[in-house]
Amino acid sequence: MTTTNFTPWIEWLDAQHDEMLAKTIELAEINSGTLNADGVNKVRALLTEYCQVLDGEVDVVPVAPYEHLGSNGEIETFPLGDALRIRKRPEAPLQIFFCGHMDTVFAIDHPFQQVKWLDDETLNGPGVADLKGGILVMIKALQALERSPFAEQIGWEILFNPDEEIGSPGSAPLIEEAAKRVHLGMIYEPSFPDGNLAGERKGSGNFSVKVTGKAAHAGREHHLGRNAVRAMCDFVAALDDLNGQRNGVTINPGFIEGGGAVNIVPDLCISRFNIRLERPEDEQWCLDRLDELVAMINDRDGISIELLGGFGRKPKVLSGANKKLFELARECGHTLGMELQWLPTGGCCDGNNLAAAGIPNIDTLGVQGGKIHSSDEYLKVKSLTERAKLSALMLMKLAASDDLSWLEENQCC
Numbered sequence: 173m174t175t176t177n178f179t180p181w182i183e184w185l186d187a188q189h190d191e192m193l194a195k196t197i198e199l200a201e202i203n204s205g206t207l208n209a210d211g212v213n214k215v216r217a218l219l220t221e222y223c224q225v226l227d228g229e230v231d232v233v234p235v236a237p238y239e240h241l242g243s244n245g246e247i248e249t250f251p252l253g254d255a256l257r258i259r260k261r262p263e264a265p266l267q268i269f270f271c272g273h274m275d276t277v278f279a280i281d282h283p284f285q286q287v288k289w290l291d292d293e294t295l296n297g298p299g300v301a302d303l304k305g306g307i308l309v310m311i312k313a314l315q316a317l318e319r320s321p322f323a324e325q326i327g328w329e330i331l332f333n334p335d336e337e338i339g340s341p342g343s344a345p346l347i348e349e350a351a352k353r354v355h356l357g358m359i360y361e362p363s364f365p366d367g368n369l370a371g372e373r374k375g376s377g378n379f380s381v382k383v384t385g386k387a388a389h390a391g392r393e394h395h396l397g398r399n400a401v402r403a404m405c406d407f408v409a410a411l412d413d414l415n416g417q418r419n420g421v422t423i424n425p426g427f428i429e430g431g432g433a434v435n436i437v438p439d440l441c442i443s444r445f446n447i448r449l450e451r452p453e454d455e456q457w458c459l460d461r462l463d464e465l466v467a468m469i470n471d472r473d474g475i476s477i478e479l480l481g482g483f484g485r486k487p488k489v490l491s492g493a494n495k496k497l498f499e500l501a502r503e504c505g506h507t508l509g510m511e512l513q514w515l516p517t518g519g520c521c522d523g524n525n526l527a528a529a530g531i532p533n534i535d536t537l538g539v540q541g542g543k544i545h546s547s548d549e550y551l552k553v554k555s556l557t558e559r560a561k562l563s564a565l566m567l568m569k570l571a572a573s574d575d576l577s578w579l580e581e582n583q584c585c
C-alpha cells in the first residue's frame, strides 16, 4: 500500500453522523418484512433518493416470487419487492460489489414496529442493525470515496435486495450475475456485538416435508386409516437423530403441523427443517441421509412422503484473497482505533453466495449492534460513523494500491 494521506476525506464523515442516524430511523420505521412487498418497495424508493448523490446508473429489477409449502399441502406463492441495482464506472480497473438487504424478519403484523432509545448511545428498533444502519454506512462510505481523488480507480455496483432474510431465493441470480463483473465484495450485515467481523460461515439448506396418509373414522374404522402425523413424527425423530453423526452438521426441525379433529385419522402433515454445514462435501452426505429417511417412510403401506427444498447457500470457506482482504480491514481498523478480528459463525448471508461464485468478500461491514432477529435488536449509534470510516479507508487504500495481484488468490486454504 502507498503512504498516501487519506485523512481529509475520512474526516469528512464526522459531520455525517446526524444524517446517517436520521435516515436509519426513517428506514426502520417502514415495515419491510420480507413478504410485505409494498413495504420493501417503499424502502427501495427511499434508497433511490438517498443514492442520487452517488450519480450512478439506477435499475429497478423485479425478482421471482417466493414459493412456500402451505399447511394445506399446496404450494403458495408470495410476491416480493423489487431489487435496486446502482452501477458506476464499469470500465474502471477495480470493480467492487456492494450489497445490503432491504427486508427484515419482522412481518407487517409483528408487534415489534417502533424505534426507541434505550440510552444515549443505543437505539432499539426493527432492522436498525440488520440491516438498515448498514445501508447508511455503505452509502456514506461510497460518498466519501466519490468526493476523493481516488474514485476514478474504482467501479462499483450496489445491490439492495428484497429477500435476504428468507435466503435470497429471488435475488441469488443477481448476485451470481454481478460476480462475473467484480473483483471483490463488501456486504453490510451487522458486525458481531463486539465489533469483530464474521469469517468462515456455515452453509444452509431449508427443506419442507409433506406426508400423505389416509383419513378414516378414528373409532369405527381406525384400522383403515393411515396416520400422516405418526409417520411425520417418525421422520422428524430419525432426522433429529442425525445430529452428532457428522462434525459441523446440525439439523433443526423447526415446524410441524397436521391433523384436525381428533376423531379423524389425519391424512396430511407438513414439516419444515433447516440444515447447517461447515464443508461443501457435507452437502452430499446430508442428501444421502435424507434419501434414506424418505425411502423408509415411503415403504409404509398407504403412506407417501415428499421432500421439497434444498441447499441455497454453500459454506463460506476463506480463500487466500479473502484472508488478504481481512488483513486490509484489520490494518484500516487499527489506523482508526479499532482492533478487529474475524471469527467463524454458524450464520449465513449473501456473503456465502458471493464466495461460492469465487469472489472474496467481507460481509459484516455494517453497524455494531446485537440481538438481531428479536424485539431487543439494537444499534450502537457511534458505530455509524466508525464503520463508514472503515469502509471508506479500505476503498481508498484499494484505489491507491499499486499491487492488487492478491485478488487472484482465490483457492481456499
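Just so we're aligned, residue 173 is where the sequence shown starts under the numbering used here, counting upward by one.
For every residue, glycine included, the Cβ atom is placed at its ideal position computed from N, Cα and C.
Buried or exposed: which applies to residue i, given that a residue is buried once 16 or more other Cβ atoms fall within 10 Å of its Cβ?
| i | result |
| --- | --- |
| Val-225 | exposed |
| Arg-353 | exposed |
| Thr-179 | exposed |
| Gly-242 | exposed |
| Glu-580 | exposed |
| Gly-371 | buried |
| Arg-448 | buried |
| Pro-298 | buried |
| Ser-546 | exposed |
| Ala-433 | exposed |
| Asp-439 | buried |
| Ala-409 | exposed |
| Glu-361 | buried |
| Gln-583 | Residue confidence is low: Gln-583 scores 46 on pLDDT, short of 50, so the model does not pin down where it sits. No coordinate-derived value is stated. |
| Phe-427 | exposed |
| Lys-304 | buried |
| Ile-247 | exposed |
Cβ atoms of residue j and residue i: under 8 Å apart, would you say?
| i | j | result |
| --- | --- | --- |
| Glu-337 | His-282 | no |
| Leu-567 | Ala-313 | yes |
| Val-539 | Glu-293 | no |
| Leu-485 | Ser-573 | Reading off the sequence, residue 485 comes out as Arg, not Leu. Not in contact: Arg-485 and Ser-573 (Cβ atoms no closer than 8 Å). |
| Ile-442 | Lys-382 | yes |
| His-389 | Asn-435 | yes |
| Ala-576 | Met-192 | Correcting the residue identity first, residue 576 is Leu in this sequence and not Ala. It is not a contact, given that the beta carbons lie outside the stated cut-off. |
| Ile-534 | Leu-369 | yes |
| Ala-279 | Gly-205 | yes |
| Asn-208 | Gln-285 | no |
| Ala-403 | Ile-469 | yes |
| Leu-551 | Ala-301 | yes |
For residue i, I'd like the list of residues in its chain whose CB is within less than 7 Å of its CB, leaving aside the five on either flank, ordered along the chain.
| i | result |
| --- | --- |
| Lys-195 | Tyr-222, Leu-308 |
| Ser-320 | Trp-181, Met-568 |
| Thr-507 | Leu-565 |
| Ala-351 | Leu-526, Ala-529, Gly-530, Ile-531 |
| Leu-479 | Phe-379, Val-381, Leu-462, Val-466 |
| Arg-451 | Gly-420, Pro-487 |
| Gly-614 | Shown here, the chain extends from 173 to 585; a query on residue 614 therefore has no answer. |
Identify which residue in the options has its Cα closest to the Cα of residue i.
| i | options | result |
| --- | --- | --- |
| Asn-333 | His-240, Arg-319, Leu-252 | Leu-252 |
| Leu-462 | Arg-373, Phe-322, Ile-423 | Ile-423 |
| Ala-501 | Ala-560, Asp-335, Gly-541 | Ala-560 |
| Leu-356 | Pro-265, Leu-459, Gly-541 | Pro-265 |
| Ser-363 | Glu-549, Trp-457, Glu-455, Gly-431 | Glu-549 |
| Trp-578 | Trp-514, Asn-494, Leu-219, Glu-558 | Asn-494 |
| Leu-515 | Leu-218, Phe-498, Glu-503, Gly-509 | Phe-498 |
| Gly-342 | Met-404, Asp-406, Phe-250 | Phe-250 |
| Gln-315 | Asp-302, Trp-184, Ile-359 | Trp-184 |
| Leu-411 | Thr-220, Glu-558, Leu-317, Asp-460 | Asp-460 |
By DSSP's criteria, residue i is part of a beta bridge. Which residues make up the other side?
| i | result |
| --- | --- |
| Tyr-222 | Answer is none; Tyr-222 lacks a bridge partner. |
| Val-233 | Ala-255 |
| Gly-272 | Phe-332 |
| Phe-250 | Tyr-238 |
| Pro-425 | Phe-445 |
| Glu-478 | Lys-382 |
| Ala-370 | Leu-515 |
| Ser-376 | Arg-448, Arg-485 |
Kindly list the residues whose CB is nearer than 6 Å to the CB of residue i, restricted to its own chain and excluding five residues on each side of it in sequence; keep chain order.
| i | result |
| --- | --- |
| Arg-257 | Asp-231, Val-233, Leu-331 |
| Arg-259 | Gly-228, Glu-229, Glu-329 |
| Arg-373 | Lys-488, Thr-517, Cys-520, Asn-524 |
| Ala-571 | Phe-322, Gln-325, Ile-326 |
| Gly-509 | none |
Could you pull out every residue in the same chain whose Cβ sits closer than 8 Å to the Cβ of residue i, ignoring the five residues on either side in sequence?
| i | result |
| --- | --- |
| Gly-391 | Asn-435 |
| Trp-289 | Leu-295, Asn-296 |
| Asn-446 | Ser-376, Gly-377, Asn-378, Phe-379, Ile-423, Asn-424, Gly-426 |
Please determine whether the Cβ atom of residue i lies at a distance below 7 Å from any heavy atom of the ligand FAD.
| i | result |
| --- | --- |
| Ala-350 | Absent from the structure shown: the ligand FAD. Ligands present: none. |
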